[in-house]
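Protein chains: 2
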Amino acid sequence: MRQESPLKKESISVESCSYDHRLNILHGLPFYSMLDHHSLQAINSSYSEHGYQPGETIYLSGKKSTRFYVIAIGKVKLLEHTSSGHNVLLDILGPGEFLGGSWTEDQTTHFHSETAIALTQCCILEIDRSDFKDIASKHAAVAMKFLEILESRMRMLQTRVKMQATASVERRLAFTIYKFADKLGKPTKNGVLIQFPFSRADLAEFSGTTPETASRIVSQFKKKGLLETGRQWMTVKDVLRLSAIAEIDE
Amino acid sequence: MRQESPLKKESISVESCSYDHRLNILHGLPFYSMLDHHSLQAINSSYSEHGYQPGETIYLSGKKSTRFYVIAIGKVKLLEHTSSGHNVLLDILGPGEFLGGSWTEDQTTHFHSETAIALTQCCILEIDRSDFKDIASKHAAVAMKFLEILESRMRMLQTRVKMQATASVERRLAFTIYKFADKLGKPTKNGVLIQFPFSRADLAEFSGTTPETASRIVSQFKKKGLLETGRQWMTVKDVLRLSAIAEIDE
DNA sequence: CGAGTGCTTGAATCCGGTCAATATGGGTGG
DNA sequence: CCACCCATATTGACCGGATTCAAGCACTCG
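Protein chains in written order, with the working numbering: chain P, 1 to 250; chain R, 1 to 250.
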């Protein structure tokens, strides 16, 4: 039986990320939404846009952090390398999320701890570190919003540390799939569709296991009717049962 | 052979945490150090102090977050519980570090994700959530400093996720001991002394393993001459070799 | 000095990793 | 449009590190 792929290639026109559109995008960001139109126009002029192809590196771990990035269109994966060659997937970010920034005062010593790679075609707004810090220093509300965002990211990391330390691989995988379906999936009549390259290796690198084990457990989930998967997509058919396996206990 | 304990009971006089001393403490905090004396006096009056006994709970996971805490004297451990009864040690905080705060706007929905317990006798400065947010909103430099601190805490959590996912228990334990020796240990002629209650269970709950395994590996480290341990203390005799085992690769 | 808590050590078990062989599906070029 | 090719996914068998269960030890405090 031939599996029907629900994947559709979304082509991104360069125009959709043009100057006039940028103001709208900036205005929609959680950390700029409270600013008036005037300040936002000034901010807008500090940003420049940049396109990335799927698989293209945005910045490398270990390199100096000089700019601050905001995703306008597309998805970006953040990962750390280890000396033994393993990768750890830190996160996959979508439109409206930021990356690469650093608040550390000392400009000379600050390096990216992670690598950022475009997962899909991306349009990314970029701003120099100093300009960016100026904005946050001038608008307290912006800085406060960033504190909120960092706090929620910290909580996510804390639950991940907890899961790694105490939960079985099955639970961790259920957790991972649940989280990404929740964050980046699109509801369809069949379930929540994760329609971007999200391989068994990615799954494993986020859950702290191997691709083989990830594959095995995904197969189990499929047998139980929780999931349907194809090459570059995955549909979560029963979100509730999946979160039950993950035992999300906030 | 009877092991000589280098532990000395430090008794904390209540007076050492009195009003006049408080200004000094606040001024020494990384996030207030840039403020002038005048603003600091105003801030000081918003803080109240509170003493805690060893083992006493400062706040419980799940409870609403209403205040912001700064450690003046003593050490505090932060931990998460799991439904299965396991604990995960998130961190041990010392003087000058903060805990319990939340920057989330929506006051009604914000709860502590972790539990805070006094590890030693503590003197802790406490401030209401709203007063605290006012300070950060008024002084951009304060907010920026907090962004810096959150950033460094996030990095620590990221490396922990990475270690959990890819490193052996031996490496994780070496990492844990190294980090706490570095952060809270006191250099002596014999090595770095960790002189607060830091049990095998604590070690395990931070490293993501069991007390038994922690004990086994600590024994190995002792045989190798890296450590000396007693009931409530631990001396790291060879920090370099320990960090080599941990393979700290920043 | 006895009780209790935390530490140590042993032996058995098991989950998950490793290595390896096979299958599958999507993209590509003839 | 079809056949081939390659990357990814799947599945199996084996192995080993770490947990679990359990027993004995040691330090501290009442």
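Ideal Cβ positions, reconstructed from N, Cα and C, are used throughout, including at glycine.
- Not a single C-beta of chain R is nearer than 9 Å to the C-beta of V76/P.
- Assigned with DSSP and collapsed to three states, P187/R falls in strand.
- In the structure shown, G28/P falls within a helical segment according to DSSP collapsed to helix, strand and coil.
- For the beta strand (DSSP E) assignment, the uninterrupted runs of no fewer than 3 residues enclosed by the stretch 73 to 125 of chain P are, from N- to C-terminal side, 76 to 81, 87 to 93, 115 to 118.
- Annotated three-state conformation of D202/R is helix, per DSSP.
- Of all residues in the stretch 23 to 41 of chain R, none places a beta-carbon less than 9 Å from a beta-carbon of chain P.
- Ranked by Cα distance from T115/P, the options E148/P, K63/P, M144/P, H139/P are led by K63/P.
- With a cutoff of 9 Å on beta-carbon distance, R200/P and K224/P are scored as not near each other.
- For D134/P, the three-state secondary structure derived from DSSP is helix.
- Approximately 32 Å separates the beta-carbon atoms of Y178/R and E126/R; this is outside 8 Å, ruling out the contact.
- If the five residues before and after F111/P are omitted, its C-beta is found closer than 7 Å to the C-beta atoms of G62, K63, K64, S65, all from its own chain and listed in chain order.
- A buried status is given to K133/P, since no fewer than 16 other beta-carbon atoms sit within 10 Å of its beta-carbon.
- Taking C-beta atoms as the reference points, G96/P and G185/P fail to come closer than 9 Å.
- Around the beta carbon of D106/R, a 10 Å sphere encloses fewer than 16 other beta carbons of the protein chains shown; the residue is thus reported as exposed.
- When DSSP states are grouped into helix, strand and coil, K63/P belongs to the coil group.
- Legend: CB atoms of the stretch 204 to 222 of chain P lying less than 7 Å from CB atoms of chain R belong to residues G208.
- Closer than 9 Å to the CB of W233/R there is not a single CB belonging to chain P.
- Counted as a single uninterrupted DSSP element, the stretch harbouring E151/R is not any beta strand (DSSP E) but the alpha helix (DSSP H) occupying residues 140 to 166.
- For K75/P and A214/R, the gap between their C-alpha atoms comes out near 40 Å.
- Around the C-beta of T57/R, fewer than 16 other C-beta atoms lie within 10 Å, and the residue is accordingly described as exposed.
- Per the Cβ contact rule, the stretch 25 to 40 of chain P is not in contact with the stretch 78 to 94 of chain P (fewer than 3 Cβ pairs under 8 Å).
- With the criterion set as a beta carbon lying under 8 Å from some beta carbon of chain P, the members of the stretch 56 to 82 of chain R are E80, T82, in sequence order.
- E114/R has a beta carbon lying within less than 9 Å of a beta carbon in chain P.
- The contact set of S102/P on chain R, defined by CB atoms closer than 8 Å, consists of E151 in chain order.
- Residue contact check for V161/P against chain R: a CB pair falls below 9 Å.
- Per DSSP, T209/R is not a residue of any alpha helix (DSSP H), being assigned neither H nor E.
- One alpha carbon belongs to L119/P, the other to F180/P, and they sit about 14 Å apart.
- Here T166/P is buried. Its C-beta has 16 or more other C-beta atoms within 10 Å.
- Following the DSSP letters along the chain, one finds S48/R inside the beta strand (DSSP E) bounded by residues 48 to 52.
- Cβ atoms of V236/R and T209/R stay farther apart than 8 Å, at about 19 Å.
- The Cβ-Cβ distance between T82/R and K183/P does not fall below 9 Å.
- Contact annotation: the stretch 83 to 102 of chain P does not touch the stretch 38 to 47 of chain P, with fewer than three C-beta pairs closer than 8 Å.
- Contact note: V169/R does not reach chain P at a C-beta cutoff of 8 Å; the least C-beta distance is about 11 Å.
- Annotated as proximal: F198/P and M234/P, with beta-carbon spacing under 9 Å.
- If you look at L242/P, you'll find it in the alpha helix (DSSP H) that goes 239 to 246.
- Residue environment for Y19/P: exposed (fewer than 16 other C-beta atoms within 10 angstroms of its C-beta).
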